[in-house]
Amino acid sequence: MKDNRPVAFDPPTTYNTLMQTVEPLSISMDSRRPLLEVAPDDLAAWLRERGQPPLRARQLRRWLFDGRAVSFDQMSDLPKRLRDELTDSFRLLGCDIARHLVSSDGTHKLLVRLRDGQVVECVLLREADRRTVCISTQVGCGMGCVFCASGIGGVVRNLTGGEILEQLLHARNLLPAEERLTNIVVMGMGEPLANFDALLEALTVASSPRGLGIGARHITVSTVGIPNRMRQFADLGKQYHLAVSLHAPNDELRNRIVPTNDKTGLSAILEAADYFHAKTGRQVTYEYVLLRDVNDRPAHAGELTKLLRGRQAHVNLIPFNDVDGLPYRRLSQQALDDFLAILRDSGISVKVRKRKGADIDAACGQLRRAALVESEPISARGV
Ligand code: SAH
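Mapping the sequence shown onto the working numbering, position 357 (from 1) lands on 612, and the numbers just tick up by one.
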């Protein structure tokens with residue numbers, strides 16, 4: 256049987272580009288379950304059956320989350336026989352890296368290959384003392400926002416909690432030994448609140464001191480706006496941060512840009528966001544992707560200020576990143592300055608998102624899409 260276990264990954268020192276060839280994507284025939292897919296009770300029972308003390312589960316966790324292990328064999332304080340048995344029964348990691356790009360600004364982008372050959376994107380951003388990972392929660396996306404590359408082929412499947420966590424581990428393993436991940440943004444492919452249970456499973460481990468120890472306050476979940484799920488998210492009683500992808504100040508325009516708005520409507524989303532604020536005390540961020548001549552006019556900015564006035568809101572303006580094949584364009588610098596000034600002048604807290612990884616197609620879903628276009632095996636599957 257082919258050994259599909261991942262190997263330690265050396266970050267490339269030179270800049271990769273999309274000229275790099277994509278390896279053919281194979282579906283793994285390995286039937287061993289990745290360790291993060293094994294429920295803690297099942298692992299405890301498995302260890303008990305082999306006469307192992309409960310402390311072994313803790314050791315395994317430490318190797319994975321702190322020790323950066325990529326194989327059971329590296330776990331030098333476990334008996335050799337146990338390491339062999341673990342290797343026969345499980346894989347330490349189920350995903351591997353199909354592609355690794357490094358931008359001239361230091362942004363890393365990974366195309367992470369899942370066990371069934373599907374790929375998702377994961378981005379590592381390094382800025383001052385922050386090390387932020389942007390993770391995906393679904394293969395593709397079912398929300399269909401008209402300007403977004405992730406939604407072009409619809410949603411293929413949800414990721415498991417283990418697959419969401421493994422993206423964090425692969426990104427973390429790129430950092431020098433003395434650095435740790437500080438922030439998570441769930442802004443990669445997919446709609447996180449449409450894969451709620453797996454999302455929470457992964458974030459619980461990521462934020463636990465027994466997992467990656469990234470404080471809930473440093474974890475942001477971005478949603479298209481699913482009101483009942485936003486309320487459930489608020490009811491968790493955690494300090495997670497919520498970002499809502501607004502993109503338009505009225506229903507008529509939002510229905511055209513964000514098709515799911517037709518059924519939801521802006522007011523239900525804003526009420527759920529207010530509920531989140533009331534319940535958690537945390538300010539909600541509203542994301543607004545600026546599309547030239549679509550939603551970037553001063554009148555839109557004026558309407559947006561009316562909508563958000565009196566709310567505990569922060570606005571993140573995101574100049575559109577061009578996506579091949581889509582008819583939308585980035586707005587002009589002048590239009591951006593004008594839009595920003597209108598919001599600022601009315602006292603709204605607002606920032607423009609810095610462009611990161613522009614030379615490696617770091618916007619949502621673009622790299623996977625490029626790989627799909629280049630790679631026959633996947634496009635033949637009708638994705
Ligand atoms: N489904 C979630 C999270 C994923 S997208 C959501 O809708 O929020 C994360 C953010 O990136 C969203 O605000 C999304 O609208 C934005 N985005 C997607 N494609 C983009 C592009 N080409 N340029 C700029 N922002 C984009």
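We put the beta carbon where it would ideally sit given N, CA and C, even for glycine.
Between the C-alpha atoms of Leu380 and Glu304 there is a straight-line separation of about 43 Å.
The closest heavy atom of the ligand SAH lies 7 Å or more from the beta carbon of Gly580. Burial state of Leu310 is exposed, judged by a 10 Å Cβ sphere holding fewer than 16 other Cβ atoms. Distances from the CB of Gly397 to the heavy atoms of the ligand SAH are all 7 Å or more. Using a Cβ distance threshold of 8 Å, Leu497 and Phe320 do not count as a contacting pair. The beta carbon of Glu421 sits closer than 8 Å to those of Pro289, Leu291, Leu348, Gly349, Cys350, Val367, all from its chain and outside the five residues before and after it, given in chain order. Collapsing the DSSP output to three states places His473 in a helix. For Phe402, the closest C-alpha among the options Asn510, Leu436, Leu423 is that of Asn510.
Take the alpha-carbon of Leu525 and the one of Leu424: they are about 34 Å apart. Leaving aside the five residues that flank Arg608 on each side, the residues in its chain whose CB is nearer than 6 Å to its CB run, in chain order, Asn571, Ile573.
Assignment of Asn413 by DSSP, reduced to helix, strand and coil, places it in the strand class. Sequence-distant partners of Ala312 (beyond 5 residues in either direction) whose C-beta falls short of 8 Å from its own C-beta, in its chain, are Pro295, Leu298, Ala299, Leu302.
When the Cα atoms are used, Val499 and Ala471 turn out to be separated by approximately 17 Å. Cβ-Cβ distances below 6 Å link Gly445 to Ser391, Thr392, Gln393, Cys396 in the same chain, with the five nearest sequence neighbours on each side left out; the list follows chain order. Between the ligand SAH and Cys377, a heavy atom-to-CB distance of less than 7 Å is absent. For Asp351, the uninterrupted beta strand (DSSP E) run begins and ends at 351–357, by DSSP. As for any beta strand (DSSP E) of minimum length 3 sitting wholly inside the stretch 387–463, the runs are 393–395, 410–413, 438–441, ordered along the chain. In terms of Cβ geometry, Gln567 and Gln538 form a close pair [threshold 8 Å]. For Pro447, the shortest separation between its Cβ and any heavy atom of the ligand SAH lies below 7 Å.
Measuring C-alpha to C-alpha distances from Lys611 to each of Pro334, Tyr541, Ser358, Lys534 identifies Ser358 as the nearest. For the set Ile352, Val479, Gly416, the Cα lying nearest the Cα of Thr459 is the one of Gly416. Per DSSP, the continuous beta strand (DSSP E) segment holding Thr540 begins and ends at 539–545. Straight across, the Cα-Cα distance linking Asp506 with Ala528 is about 16 Å. Look at Ala503 here: in three-state DSSP terms it is coil, with no helix or strand label. In the DSSP annotation of this structure, Ile481 is not part of any alpha helix (DSSP H), being labelled neither H nor E. DSSP lists Arg385 as the beta-bridge partner residues of Glu382. When distances are taken from the beta-carbon of Ile419 to the heavy atoms of the ligand SAH, even the shortest one reaches 7 Å or more.
Its Cα nearest to that of Leu595, the residue Arg552 stands out among Arg564, Arg552, Ser405. The beta carbon of Lys606 sits closer than 8 Å to the beta carbons of His569, Val570, Asn571, Leu572 from its chain, once the five residues preceding and following it are set aside; these are given in chain order. Within the same chain, Cβ atoms closer than 7 Å to the Cβ of Arg287 are found at Ser344, Phe345, Arg346, the five residues on either side in sequence being excluded. Pro334 and Val378 have their alpha carbons spaced roughly 36 Å apart. The continuous stretches of alpha helix (DSSP H) do not include Asn571, which lies in the beta strand (DSSP E) extending over residues 568–574.
By the 16-neighbour rule on beta-carbons within 10 angstroms, Pro464 is exposed. For Leu559, there is no enclosing beta strand (DSSP E); the enclosing alpha helix (DSSP H) covers residues 553–563.
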